[in-house]
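Residues in the sequence shown are numbered consecutively from -16, following my numbering.
We put the CB at the ideal spot given by N, CA and C, even for glycine.
Predicted model, so just to flag it, every value in this text is computed and none were measured.
Reading through the structure tokens given below for one structure.
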Amino acid sequence: MGFSSSIGPALSDAAARASVYVEDNSTAVAVAGGLTALGAITYLATRKPRSDYQVAPSSFQLGVGNLKEGEVQSEVSAYYSEYNTLERGKGAQVANSKKVADFVDKFYSLVTDIYEWGWGQSFHFSPLLPRHTWAAAEAAHETRIGALIGLAPGKHGLDVGCGVGGPMRTIATSSGAHITGITINEYQVKRATYHNKNLGVSKQCQAVRGNFLDMPFEANTFDGAYAIEATCHAPKLEEVYSEVHRVLKPGARFATYEWVSTPLYDSTNVEHVKLMDEIVIGNGLPDMRTWAQAEAAGKAVGFRLVESRDLAMAPATQVSPWWSESGAVLQPHVPEGVSVNPWYARLGRSRCLFAVFAHFNASLVWVAETLRLAPRGMGEIHKMLMDTAFALIDGGELGIFTPMHLLVFEKPAEKEAEE
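Okay, structure coming up:
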């Protein structure tokens, strides 16, 4: 008691003296504070090289994969030029389908670091599980698809469009299977390999570079295959589905979470088209398919359709009251379907709060650009991704778009194929 009673007045006196000093020397204090903050930022940014960040890059370690940093702005302009129109509402699509592979490769060089920084190692959405974290929902979403194709110890699975390998590692460790992932982007292979080694799963998970329209694997190689929000980048779904069919063993299954429009999408509604165009342009998509087109594509290449349903929807009886407060969305292809505690909520339940978050991150990227700790043009990439994030939220709320239409296909056994 005696110590605290004596130190109190001393602290008060020191605080008063400091206040007077600040008032008399406000400019000097501001400069000193700014230099201290700048020094801290520079120290944190240069403490590790960009290529050696352990979990994800910080805002001051954002890079552009294998692209040259001085060419980022020109690459962003080239990216936009591949679309037939940038006017939202006119039906955006990549003008030349032959350029899609190179287009997608450069897209992921531009956005991979931002994705890891702002989202994590699994570049996909998930329906939120009640009273669970997004990390738990993400793991459940990934584990589900591995189980649907029967992965188990001794089995060899294929991850079609593996990114930096987040789902691959979850599925391999949860199923016990060996997983090979393929991605068009060399930088993503490096990141996946780094994470695999860092997490001790290198013997169970491998990433290879390749075009999933022409995969470097022998026919009848894999016991199962899956794609998590990846085949949406194919010029035509038939092309990638055909390759998956080729490399699967007879009787094996392929499951995919597809980005598609739902039956509520109205192509004559300009607002609907504007949202879809924003989603297409901001996510490196050739165009937007319907769920029916995705089903038909699998059947056309010889698959048997086992299951088709939108995982963003669930029977009304499964939805607890507090879920429906976000606004239930009915869809004609799901009897009495309502929006499950929505996948887009991860982007932000409140548009206002998400806007604040987006502006804060934009400020960090601007500072990094200004200090030349991030390449020029990174701010423009960040803006593109934030614009498409708002479109994803709106598309989800309207029920016109889903990133998780589940399709499960099966390659017929040899006897069935002969018949």
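Beta-carbon proximity of residue i to residue j, cut-off 9 Å
i, j, result
"F286", "F205", "no"
"P117", "S109", "The amino acid occupying residue 117 in the given sequence is Trp; Pro does not appear at that position. Result yes, Cβ atoms of W117 and S109 sit closer than 9 Å."
"A208", "V143", "yes"
"L389", "Y240", "yes"
"I264", "Y63", "yes"
"L131", "P325", "no"
"S105", "T153", "yes"
"N203", "P233", "yes"
"Q189", "G159", "no"
"A275", "M387", "no"
"L220", "A155", "no"
"H107", "P150", "yes"
"S80", "T126", "no"
Rounded C-alpha distance that separates residue i from residue j
i, j, result
"P199", "H228", "14 Å"
"H178", "G281", "32 Å"
"A75", "C145", "26 Å"
"K394", "L141", "14 Å"
"G148", "L268", "20 Å"
"F343", "Y327", "20 Å"
"C215", "A396", "27 Å"
"A61", "R359", "15 Å"
"P246", "A119", "30 Å"
"I211", "S57", "30 Å"
"E290", "V83", "29 Å"
"P304", "V339", "Since pLDDT at P304 reaches only 31, below the 50 mark, its modelled position is unreliable, and no value is offered."
"V284", "G362", "42 Å"
"A279", "S244", "14 Å"
"L288", "G129", "17 Å"
"T176", "E222", "27 Å"
"A173", "G183", "Reading off the sequence shown, one finds Lys at residue 173, where the question assumed Ala. About 15 Å."
"R71", "S250", "13 Å"
"V350", "N252", "40 Å"
"L375", "A217", "20 Å"
"H115", "A122", "11 Å"
"S346", "Y66", "28 Å"
"H161", "W242", "26 Å"
"D96", "K138", "32 Å"
"D377", "L330", "11 Å"
"K180", "Y98", "20 Å"
"L354", "E201", "49 Å"
"V94", "P113", "30 Å"
"V77", "D270", "7 Å"
"S92", "N266", "13 Å"
"L196", "V348", "35 Å"
"E261", "F237", "29 Å"
"V59", "T68", "15 Å"
"G379", "R292", "16 Å"
"R192", "A213", "14 Å"
"T273", "K73", "17 Å"
For residue i, three-class secondary structure by DSSP
i, result
"K232", "strand"
"G207", "strand"
"L112", "coil"
"V5", "Residue placement at V5 is flagged as unreliable, the pLDDT there being 41, under the threshold of 50; a coordinate-derived value is accordingly withheld."
"Q189", "strand"
"T105", "The amino acid at residue 105 is misidentified as Thr; the sequence shows Ser. S105: coil per DSSP, three-state reduction."
"L182", "coil"
"F373", "helix"
"D85", "helix"
"E397", "helix"
"M198", "coil"
"L430", "Nothing in the structure corresponds to residue 430, since the chain is present only between -16 and 402."
"L336", "helix"
"L93", "helix"
"Y224", "helix"
"R329", "helix"
"S34", "Unreliable placement is indicated for S34, whose pLDDT of 45 sits below 50; no coordinate value is reported for it."
"E99", "helix"
"E65", "coil"
"L347", "helix"
"E212", "coil"
Residue i beta carbon near the ligand HEM (any heavy atom closer than 8 Å)
i, result
"E290", "In the structure shown, the ligand HEM is absent, as is every other ligand, since no ligand is present at all."
Cβ of residue i within 9 Å of any chain C Cβ
i, result
"N266", "Protein chain content of the structure displayed is limited to a single chain, and chain C is not contained in it."
### Message
When you compare the region 381 to 388 with the region 354 to 372, are there three or more beta-carbon pairs, one atom per stretch, that lie closer than 8 Å?
### Response
Flag = no, the region 381 to 388 and the region 354 to 372 do not touch.
### Query
Are three or more beta carbon pairs between the region 163 to 179 and the region 78 to 94 nearer than 8 Å?
Yes, the region 163 to 179 is in contact with the region 78 to 94.
### Sequence ranges, beta strand (DSSP E) only - wholly within the region 126 to 168, length at least 3
Within the region 126 to 168, the beta strand (DSSP E) runs of at least 3 residues that lie entirely inside it are, in chain order, 139 to 143 and 161 to 166.
### Query
Is the region 254 to 263 close to the region 222 to 239, with three or more CB pairs under 8 Å?
They do not touch, by the three-pair rule.
### Task
Jot down the residue ranges of each uninterrupted alpha helix (DSSP H) in the region 234 to 284, minimum 4 residues, whole runs only, in chain order.
Counting whole runs of 4 or more residues, the region 234 to 284 contains the alpha helix (DSSP H) stretches 253 to 265 and 274 to 283.
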